[in-house]
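A.B. asks:
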Amino acid sequence: MPISPPSEALLDQSPMELMQLFGRMRSFTDRAVFRGTLPAIWQCSDESQSIKKALFGYVYNCPSFNLGRVGALLDPTRLATAAHHGHDLVIIGGSHVGGEEHDGIGYIRRIHDKIAPCCGMLKRMLDPYLQVYQRASQLIKLSRDEETVRIEIPYKYLFQKPAGEAPRIRLRRERLIGGEAIGEGSLGKVYPLHPELAARSPQLLMALGSKPEPIGDLLHPDTFSFSKILERDSHEPKNMLEVSVYEFLPEIVTTQHPHRRLCNVNTWRQFHRIASYITDSFDGVGRNIFVLAGLTIDHSIRHNSFVPQFGFWMERGRTLDARYYGPADIYDLLAQQPVYRPPVTFLEYAGIS
Numbered sequence: 002m003p004i005s006p007p008s009e010a011l012l013d014q015s016p017m018e019l020m021q022l023f024g025r026m027r028s029f030t031d032r033a034v035f036r037g038t039l040p041a042i043w044q045c046s047d048e049s050q051s052i053k054k055a056l057f058g059y060v061y062n063c064p065s066f067n068l069g070r071v072g073a074l075l076d077p078t079r080l081a082t083a084a085h086h087g088h089d090l091v092i093i094g095g096s097h098v099g100g101e102e103h104d105g106i107g108y109i110r111r112i113h114d115k116i117a118p119c120c121g122m123l124k125r126m127l128d129p130y131l132q133v134y135q136r137a138s139q140l141i142k143l144s145r146d147e148e149t150v151r152i153e154i155p156y157k158y159l160f161q162k163p164a165g166e167a168p169r170i171r172l173r174r175e176r177l178i179g180g181e182a183i184g185e186g187s188l189g190k191v192y193p194l195h196p197e198l199a200a201r202s203p204q205l206l207m208a209l210g211s212k213p214e215p216i217g218d219l220l221h222p223d224t225f226s227f228s229k230i231l232e233r234d235s236h237e238p239k240n241m242l243e244v245s246v247y248e249f250l251p252e253i254v255t256t257q258h259p260h261r262r263l264c265n266v267n268t269w270r271q272f273h274r275i276a277s278y279i280t281d282s283f284d285g286v287g288r289n290i291f292v293l294a295g296l297t298i299d300h301s302i303r304h305n306s307f308v309p310q311f312g313f314w315m316e317r318g319r320t321l322d323a324r325y326y327g328p329a330d331i332y333d334l335l336a337q338q339p340v341y342r343p344p345v346t347f348l349e350y351a352g353i354s
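Residues in the sequence shown are numbered consecutively from 2, following the working numbering.
Below, the structure is given as structure tokens:
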């Protein structure tokens, strides 16, 4: 069985305000006796993430080291450089999404007063897959003829083409049809609907008549996959993101909030990249390392909140004893910590009198 990211129900924790979040992280690392602590962050290069980065450094009294790129892509090898700038490491990262959602996409108001998708990089990567899926969910039709529920599949989906530069949908016909073709439709062939698929939504199917209706949400992730030639050796951020989440895209495009789901899946993938790098490739002897990953919600270009989702805690370089925290556990761990308050103002921290 393939590995799949945690469900949205598990990831949908209550967001924390940034100063509360960072204050709880600081209390945890103080209690763990971190020393020479360097804060590091991987996040998108979007301007809406800048104040978050500045406040993280403020709470730890040290400007944050950058581990990320646009789209919240992580470069774990930068940890080797970070290790020369501090002793113990406290790391935060993950994707961000606009707090105002329309049609499953998160938006934010930019400085020029225009509303735009956020994260725009992930939205651009998602768009062609979402469009291909939505088109198929409208062109594949269901109807009822007396006791038989029928599915009409256009020829364009029956005649599969080789993978190309644009994404295509590939139907798993064995999960959609329940037998041989029973007729011709206006666009393709008509088959009896697979009984397991019919059992997913009996009330919807009972309401069907002889007029074909779009299959809609019944075209679920187990009934199709995508095909595309991926640029696996590319270092262009969009291509790297696409390769990282490609196998999960059928599940992503079928969710109610596909943009947010993509952000969460990307965060999950990048978190496990850094955790694996720390335990397998990084010389962390004697170092304390705490990693927190989650989703940043952008309420404006200046105001964010953060949903904690994953945690990693390695004490004094003991990789075999490192602890991993899932969504509920990392949230509980942070909630147990008091909120540390910096003893100086932000301007004083910045050396401005």
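The C-beta atom is built at its ideal place from N, Cα and C for all residues, glycine as well.
Here's a check: name, in chain order, each residue in its chain whose Cβ is nearer than 7 Å to the Cβ of ASN67, leaving out the five neighbours to either side.
C.D. replies: Cβ neighbours of ASN67 beyond the five flanking positions: ILE42.
A.B. asks: Among the residues of its own chain, which have a CB less than 8 Å from the CB of ASP322, if the five just before and after it don't count?
C.D. replies: Cβ neighbours of ASP322 beyond the five flanking positions: MET315 and GLU316.
A.B. asks: Chain D beta carbons: is any one of them nearer than 8 Å to that of HIS113?
C.D. replies: No chain D is part of this structure, which consists of one protein chain only.
A.B. asks: Looking at the strands, I want to know which residues DSSP matches up with LEU293.
C.D. replies: BP columns for LEU293 point to ILE93 and GLY312.
A.B. asks: So what does PRO16 bridge to, in DSSP terms?
C.D. replies: Answer is none; PRO16 lacks a bridge partner.
A.B. asks: Check whether the Cβ atoms of SER228 and ARG173 sit closer than 8 Å, and answer yes or no.
C.D. replies: For SER228 and ARG173, no; Cβs fall outside 8 Å.
A.B. asks: What's the call for ILE353, buried or exposed, on a 16-neighbour Cβ count within 10 Å?
C.D. replies: It counts as exposed.
A.B. asks: Suppose you measure from the CA of LEU39 to the CA of ARG270; what does that come to, to the nearest Å?
C.D. replies: Looking at the two C-alpha atoms, the distance is approximately 23 Å.
A.B. asks: Give the DSSP-derived three-state secondary structure of LYS142 in the structure shown.
C.D. replies: If DSSP states are grouped into helix, strand and coil, LYS142 belongs with the strands.
A.B. asks: Nearest-angstrom Cα distance between GLU243 and MET126?
C.D. replies: One C-alpha to the other measures close to 7 Å.
A.B. asks: Do the region 56-75 and the region 89-102 meet, that is, are 3 or more Cβ pairs less than 8 Å apart?
C.D. replies: Output reads yes: the region 89-102 touches the region 56-75.
A.B. asks: Please work out which residues of its chain come closer than 7 Å, Cβ to Cβ, to ASN240, disregarding the five sequence neighbours upstream and downstream, and give them in chain order.
C.D. replies: Only GLU232 meet the Cβ criterion.
A.B. asks: Taking ASP13 as the reference, give the member of PHE311, TYR341 and GLN337 with the closest Cα.
C.D. replies: The residue with the shortest Cα to Cα distance from ASP13 is PHE311.
A.B. asks: PRO40 by DSSP, collapsed to three states: which one?
C.D. replies: Three-state DSSP puts PRO40 in a strand.
A.B. asks: My output table needs one value for LEU22: the three-state DSSP class, helix, strand or coil.
C.D. replies: DSSP places LEU22 in helix when its eight states are reduced to three.
A.B. asks: Which residues mark the beginning and the end of the alpha helix (DSSP H) in which SER51 is found?
C.D. replies: 51-61 is the span of the alpha helix (DSSP H), which, as asked, contains SER51.
A.B. asks: Using C-beta distances below 7 Å, list every residue in its chain close to GLN161, excluding the 5 sequence neighbours before and after it, in chain order.
C.D. replies: Excluding positions up to five away in sequence, the list reads ARG171.
A.B. asks: Can you tell me the Cβ-Cβ gap for GLU101 and ILE109, rounded? I've got them flagged as a contact below 8 Å.
C.D. replies: Contact holds; Cβ gap of about 7 Å.
A.B. asks: Bridge partners for SER28 per DSSP, in chain order?
C.D. replies: For SER28, which the question treats as bridged, DSSP gives no partner whatsoever.
A.B. asks: Closest to TYR325 by C-alpha separation, out of PRO339, TYR341, VAL292 and ARG342, would be which residue?
C.D. replies: Selected option, being the one with the closest Cα: VAL292.
A.B. asks: Return the residue from the list PHE307, LEU159 and ILE298 that minimises the CA-CA distance to LEU177.
C.D. replies: Nearest C-alpha to LEU177: LEU159.
A.B. asks: Please name the residue in GLN257, GLU349, GLU175 and PRO328 whose C-alpha comes closest to that of GLY105.
C.D. replies: Closest by alpha carbon: GLN257.
A.B. asks: Touch check for the region 117-134 and the region 76-83: three-plus C-beta pairs under 8 Å?
C.D. replies: Counting Cβ pairs under 8 Å, fewer than three are found: no touch.
A.B. asks: Using the beta-carbon count (16 or more within 10 Å), is SER211 buried or exposed?
C.D. replies: With fewer than 16 other Cβ atoms within 10 Å, it is exposed.
A.B. asks: In the structure shown, what three-state DSSP assignment does ARG70 receive?
C.D. replies: Correct three-state label for ARG70: strand.
A.B. asks: How would you call THR224, buried or exposed, if buried means at least 16 neighbouring beta carbons within 10 angstroms?
C.D. replies: Label assigned to THR224: buried.
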